[in-house]
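Numbering (this note's numbering), first residue to last: 5 to 398. From the three backbone atoms N, C-alpha and C, an ideal C-beta is built for every residue, glycine too. Only one structure is covered here, and it is reproduced in the block below.
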Amino acid sequence: MHTPIKLALAAVAAAAALSTSAQNAPQSAPQKAPLKVGLMLPNTGTFAALGDNIEKGFRLYVNEQGGKLAGREIQYFKVDDESDPAKATDNVNKLIKRDQVDVLVGTVHSGVALAMARAAKESNTLLIVPNAGADAITGAQCAPNIFRSSFSNWQPGYATGVVAAQKGYKRAMTITWNYAAGNETVKGFTESFEKGGGKVVKDLSLPFPNVEFQALLTEIAAQKPDVVFAFFAGGGAVKFVKDYDAAGLRKTVPLMGSGFLTDGTLEAQGAAAQGLITTLHYADDIDTPRNNAFRKGFALAYKANADVYAVQGYDAAQLLGAGLTAVGGDFTKRPEMLYAMGKTVIGSPRGKFGMSTSRNPVQDFYIREAKGNYNVVTGVAVKALADPGRGCKS
Ligand code: BEZ
């Protein structure tokens, strides 16, 4: 078994050997400058833990490659986006204009990511989105320099609607935050649920990131649908699941959600979340050598359990690594690099996946059940689900 101390010592020795050989290298040998990666993620607010695990996942993959991708050292620049769309353009420009990063990696919140995508498109900066599902990023606003290592909002919503219809539910209510991620996830749910014979009888929402759910829970109790579909994540998901349970609703109206409702949150949700059924492109107990090694590496490095956000960060680094490797680390070979990123198959902890033509993962969606602190697989909701990429023309 590796010990972190042994690994750290090995890294120091390797760095010393490298610096000696660099000093002795002939003057003419060009030394590749570090690749500048701008991480724009939430470090504060309801999505702080999500941003933290994305960064940890990204760094874990880079560290596993000895701190380099395709021979290029990685230099990090960071901005806390606070999940605040109003500050997003200023924040992303700190990375693009002030720090002059080569690659942008971010973010969690769909509204913030839409502003990042606009800025990336205008400046032609490579952007890898490691969470935010805003459909337009790989739809109407798509661009050859914009990739996602996560999902589109439509995907987990659609997959959950398939499962809810298969369970025989006929009347559903939905509840979410009123912003792109919530609305688009609900739209995906409604599309497949109604195709499967169900009917969404009412959509409920509240502004992001409010957590005053009481009036909406009272309305659910009054309407008594067969099932409630919810999109919440991070701190908001913790509060919602606890409030739903405390209101006594779990005994009368089954609660389903896209997997963000219970991912990275189970410890804080405790008994209130036990048995909840969700769908997502990851589950903790996927029993493959790839997932087991990833989870072990993450636990050793950070003394914590990995979750879907860590996976998406890890895979953002894998995607960048695949592109860089295809051009021998030469970032100036942009067309070849982007082509390789679009064609690569990522050996992800979630299972292998490739990119759609609009550069969004084509991936399996798992049915999961919350058991203890884990979301465990109970089946596959939809295999190789591809976002339709509506409106993407490049
Ligand atoms: C979003 O804003 O796109 C999002 C945030 C948290 C989890 C999933 C999606």
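On the three-state DSSP scale, how would you describe residue i?
| i | result |
| --- | --- |
| N379 | strand |
| N28 | Residue confidence for N28 is low, a pLDDT of 44 falling below 50, so the modelled location carries little weight and cannot support an answer. |
| Y183 | coil |
| R102 | helix |
| V96 | helix |
| D267 | coil |
| D88 | coil |
| A241 | helix |
| V406 | Because the chain spans 5 through 398 in this model, residue 406 falls outside it and cannot be assessed. |
| T194 | helix |
| S127 | helix |
| S262 | strand |
| I141 | helix |
| G75 | coil |
| Y173 | coil |
| D207 | strand |
| G161 | helix |
| K300 | helix |
| F51 | coil |
| V109 | strand |
| F81 | strand |
| Y65 | helix |
| A387 | The sequence as given places Lys at residue 387; Ala does not occur at that position. Here K387 sits in strand by DSSP. |
| L43 | strand |
| T283 | strand |
| I58 | helix |
| P339 | helix |
Compare the beta carbon distance of residue i and residue j with 7 Å and say whether it is the shorter of the two.
| i | j | result |
| --- | --- | --- |
| N135 | S156 | no |
| L39 | Y313 | no |
| T266 | A374 | yes |
| A147 | K125 | yes |
| V232 | A277 | no |
| I78 | V133 | no |
| F151 | H285 | no |
| F193 | T164 | yes |
| N182 | L270 | no |
| G333 | R76 | yes |
| L108 | L73 | no |
| D85 | P46 | yes |
| A121 | Q159 | no |
| D249 | Y173 | no |
| V204 | V386 | no |
| V190 | D289 | no |
| G268 | D207 | no |
Does any C-beta atom of chain C lie closer than 7 Å to the C-beta of residue i?
| i | result |
| --- | --- |
| D230 | Annotation note: the requested chain C is absent from the structure, which comprises a single protein chain. |
Any chance the CB of residue i is under 6 Å from a heavy atom of the ligand BEZ?
| i | result |
| --- | --- |
| A168 | no |
| A237 | yes |
| F233 | no |
| H113 | yes |
| A272 | no |
| A219 | no |
| G137 | yes |
| A413 | Look at the range of the chain in this structure, 5 to 398, and you will see that residue 413 is not part of it. |
| F193 | no |
| F151 | no |
| F369 | no |
| F264 | yes |
Decide if residue i is buried, meaning its Cβ has at least 16 other Cβ atoms within 10 Å, or exposed.
| i | result |
| --- | --- |
| N214 | exposed |
| D94 | exposed |
| N57 | buried |
| F212 | buried |
| R102 | exposed |
| P339 | exposed |
| Q316 | buried |
| A219 | exposed |
| Q104 | exposed |
| C396 | buried |
| G149 | It should be pointed out that residue 149 corresponds to Asn in this sequence rather than to Gly. Buried, since its Cβ has 16 or more Cβ neighbours within 10 Å. |
| A225 | exposed |
| T291 | One point to set straight first is that residue 291 is Asp, not Thr, in the sequence displayed. That one is exposed. |
| R394 | exposed |
| T129 | buried |
| A275 | exposed |
| E59 | buried |
| T283 | buried |
| K243 | buried |
| G49 | buried |
| A2 | Nothing about residue 2 can be reported from this structure: the residues present for the chain run from 5 to 398 only. |
For the pair the stretch 318-325 and the stretch 346-364, tell me if three or more CB-CB distances fall below 8 Å. Segment contact: the stretch 318-325 against the stretch 346-364, three or more CB-CB distances shorter than 8 Å; contact assigned.
Does the stretch 247-257 touch the stretch 190-209, meaning 3 or more C-beta pairs lie closer than 8 Å? As far as the Cβ criterion goes, the stretch 190-209 does not touch the stretch 247-257, which means the pair count is below three.
Counting pairs of Cβ atoms below 8 Å between the stretch 113-127 and the stretch 136-144, do you hit three or more? Contact between the stretch 113-127 and the stretch 136-144 is present, with at least three C-beta pairs closer than 8 Å.
Would you check if the stretch 285-305 and the stretch 63-82 touch, i.e. whether three or more CB-CB distances between them fall below 8 Å? Short answer: they touch.
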